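Taking mature numbering (1 follows the signal peptide of the UniProt record, and there is no 0), I'd label the letters of the sequence shown as residues -26 to -1, 1 to 88. Glycine included, C-beta positions come from ideal geometry on N, C-alpha and C. Nothing here was measured: the structure is a model prediction, and the numbers come from that model. Read through the structure below, which is laid out as C-alpha coordinates, and then see the notes.
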Amino acid sequence: MNRKLLTFLFAASLAGLAGCAANKSAAPSASAPSAPASASGSMLPGGKSCDAQPAQNLVGQAFSDSVGADVRSRSGSDSVRVLKPGQVMTLEYNPARVNIIIDGQGRISAIRCG
(Lines of atoms letter the chains of each structure in order from A and count residues from 1; the text may use other names and numbers.)
(Lines give C-alpha, C1' and ligand atoms only; values in the text may rest on other atoms or scores of the structure.)
Protein backbone atom coordinates (compact mmCIF):
# COMPACT_ATOMS: atom_id res chain seq x y z
CA MET A 1 0.00 0.00 0.00
CA ASN A 2 0.96 3.56 -0.43
CA ARG A 3 2.63 5.05 2.66
CA LYS A 4 0.55 8.26 2.40
CA LEU A 5 -2.66 6.24 2.28
CA LEU A 6 -1.68 4.29 5.40
CA THR A 7 -0.81 7.52 7.21
CA PHE A 8 -4.14 9.05 6.21
CA LEU A 9 -6.13 5.97 7.35
CA PHE A 10 -4.29 5.92 10.67
CA ALA A 11 -4.97 9.63 11.27
CA ALA A 12 -8.62 9.23 10.29
CA SER A 13 -9.10 6.32 12.69
CA LEU A 14 -7.47 8.29 15.53
CA ALA A 15 -9.76 11.23 14.83
CA GLY A 16 -12.76 8.88 14.93
CA LEU A 17 -11.66 7.41 18.25
CA ALA A 18 -11.11 10.87 19.70
CA GLY A 19 -14.78 11.62 18.98
CA CYS A 20 -15.75 8.59 21.08
CA ALA A 21 -13.71 9.69 24.09
CA ALA A 22 -15.60 10.67 27.24
CA ASN A 23 -16.28 14.37 27.63
CA LYS A 24 -15.23 15.26 31.17
CA SER A 25 -17.02 18.64 31.04
CA ALA A 26 -20.35 16.83 30.61
CA ALA A 27 -19.94 14.94 33.89
CA PRO A 28 -22.36 16.07 36.61
CA SER A 29 -20.83 18.36 39.18
CA ALA A 30 -20.83 17.57 42.88
CA SER A 31 -23.18 20.49 43.51
CA ALA A 32 -25.73 19.38 40.91
CA PRO A 33 -28.82 17.87 42.51
CA SER A 34 -29.62 14.34 41.45
CA ALA A 35 -33.03 12.76 41.49
CA PRO A 36 -33.25 9.79 43.81
CA ALA A 37 -34.18 6.61 42.02
CA SER A 38 -35.20 3.45 43.75
CA ALA A 39 -36.63 0.16 42.64
CA SER A 40 -39.80 0.69 44.65
CA GLY A 41 -40.74 4.29 43.97
CA SER A 42 -40.02 7.46 42.03
CA MET A 43 -41.54 10.91 42.28
CA LEU A 44 -43.20 12.19 39.12
CA PRO A 45 -43.80 15.80 38.13
CA GLY A 46 -46.93 17.15 39.75
CA GLY A 47 -46.57 15.02 42.88
CA LYS A 48 -47.60 11.73 41.27
CA SER A 49 -45.42 8.75 42.04
CA CYS A 50 -44.67 5.28 40.75
CA ASP A 51 -44.56 2.94 43.71
CA ALA A 52 -43.84 -0.70 42.87
CA GLN A 53 -44.22 -1.86 46.48
CA PRO A 54 -48.03 -2.40 46.42
CA ALA A 55 -47.62 -4.73 43.41
CA GLN A 56 -44.84 -6.90 44.87
CA ASN A 57 -47.27 -9.64 45.92
CA LEU A 58 -47.80 -10.35 42.18
CA VAL A 59 -44.17 -11.53 41.80
CA GLY A 60 -44.23 -15.23 40.95
CA GLN A 61 -47.60 -15.12 39.17
CA ALA A 62 -47.97 -15.94 35.48
CA PHE A 63 -48.01 -12.75 33.43
CA SER A 64 -51.12 -11.78 31.44
CA ASP A 65 -52.53 -8.51 30.15
CA SER A 66 -54.91 -8.32 33.10
CA VAL A 67 -52.04 -8.86 35.59
CA GLY A 68 -50.07 -6.11 33.77
CA ALA A 69 -53.04 -3.75 34.13
CA ASP A 70 -53.26 -4.65 37.83
CA VAL A 71 -49.54 -3.87 38.31
CA ARG A 72 -49.96 -0.50 36.56
CA SER A 73 -52.98 0.34 38.68
CA ARG A 74 -51.36 -0.65 41.98
CA SER A 75 -48.11 1.18 41.21
CA GLY A 76 -49.83 4.37 40.08
CA SER A 77 -47.66 4.50 36.95
CA ASP A 78 -48.68 5.91 33.59
CA SER A 79 -47.27 3.03 31.53
CA VAL A 80 -46.03 -0.55 31.72
CA ARG A 81 -42.97 -2.12 30.09
CA VAL A 82 -42.76 -5.92 30.02
CA LEU A 83 -39.21 -7.27 29.77
CA LYS A 84 -38.71 -10.87 28.66
CA PRO A 85 -35.47 -12.90 28.83
CA GLY A 86 -33.01 -11.91 26.09
CA GLN A 87 -35.15 -8.99 24.97
CA VAL A 88 -33.31 -5.85 23.91
CA MET A 89 -34.34 -2.84 25.98
CA THR A 90 -33.57 0.84 26.05
CA LEU A 91 -31.77 2.20 29.10
CA GLU A 92 -33.57 5.52 29.49
CA TYR A 93 -35.12 6.10 32.88
CA ASN A 94 -38.83 6.91 32.82
CA PRO A 95 -40.18 7.67 36.32
CA ALA A 96 -43.76 7.33 35.06
CA ARG A 97 -43.26 3.70 33.98
CA VAL A 98 -43.38 0.40 35.85
CA ASN A 99 -41.17 -2.42 34.53
CA ILE A 100 -42.39 -6.01 34.80
CA ILE A 101 -39.55 -8.50 34.39
CA ILE A 102 -40.68 -11.91 33.14
CA ASP A 103 -38.69 -15.16 33.53
CA GLY A 104 -38.37 -17.98 30.98
CA GLN A 105 -41.58 -19.64 32.21
CA GLY A 106 -43.67 -16.49 31.74
CA ARG A 107 -43.84 -15.68 35.44
CA ILE A 108 -43.15 -12.26 36.96
CA SER A 109 -39.68 -12.27 38.54
CA ALA A 110 -39.48 -8.56 39.48
CA ILE A 111 -41.50 -5.34 39.42
CA ARG A 112 -39.64 -1.99 39.42
CA CYS A 113 -40.30 1.63 38.59
CA GLY A 114 -38.29 3.31 35.87
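Measuring CA to CA, which of V62, R55, D39 and I75 is closest to N68? Within the sequence shown, the letter at position 94 stands for residue 68. That would be R55, whose Cα lies nearest to the Cα of N68.
Mind checking who V56 pairs with in its DSSP beta bridge? Residue 56 sits at position 82 when you count from the first residue of the sequence shown. Note: V56 sits in a beta bridge opposite I74.
Is A29 helix, strand or coil by DSSP? Here residue 29 corresponds to residue number 55 of the sequence shown, with the count starting at 1. Of the three classes helix, strand and coil, the one that applies to A29 here is helix, per DSSP.
Please determine whether the Cβ atom of E66 lies at a distance below 7 Å from any heavy atom of the ligand PLP. By its list of ligands, the structure shown contains no ligand whatsoever, and the ligand PLP lies outside what it can speak to.
Between the beta-carbon of F37 and the beta-carbon of I85, is there less than 8 Å? Taking the first residue of the sequence shown as position 1, residue 37 is located at position 63. Taking the first residue of the sequence shown as position 1, residue 85 is located at position 111. No, the pair does not count as a contact, with Cβ atoms beyond the cut-off.
Starting from the C-beta of residue 96, find all residues in its chain whose C-beta is less than 6 Å away, skip the five residues before and the five after it, and write them out in chain order. Outside the shown range of the chain, which is -26 to 88, sits residue 96, and nothing can be said about it.
If you follow the alpha helix (DSSP H) that A84 is in, where does it begin and where does it stop? Along the sequence shown, one-based indexing puts residue 84 at 110. No alpha helix (DSSP H) contains A84, which is instead part of the beta strand (DSSP E) from I82 to C87.
Compare the beta carbon distance of G50 and C24 with 8 Å and say whether it is the shorter of the two. Counting from one through the sequence shown, the residue named residue 50 turns up at place 76. Counting from one through the sequence shown, the residue named residue 24 turns up at place 50. Against a cut-off of 8 Å, the Cβ pair of C24 and G50 comes out as a contact.
For V33, which residues from the same chain have a beta carbon less than 8 Å from its beta carbon, with the 5 sequence-adjacent residues on both sides left out? As a working note, residue 33 is residue 59 in the sequence shown. These residues qualify, in order along the chain: I82, S83, A84 and I85.
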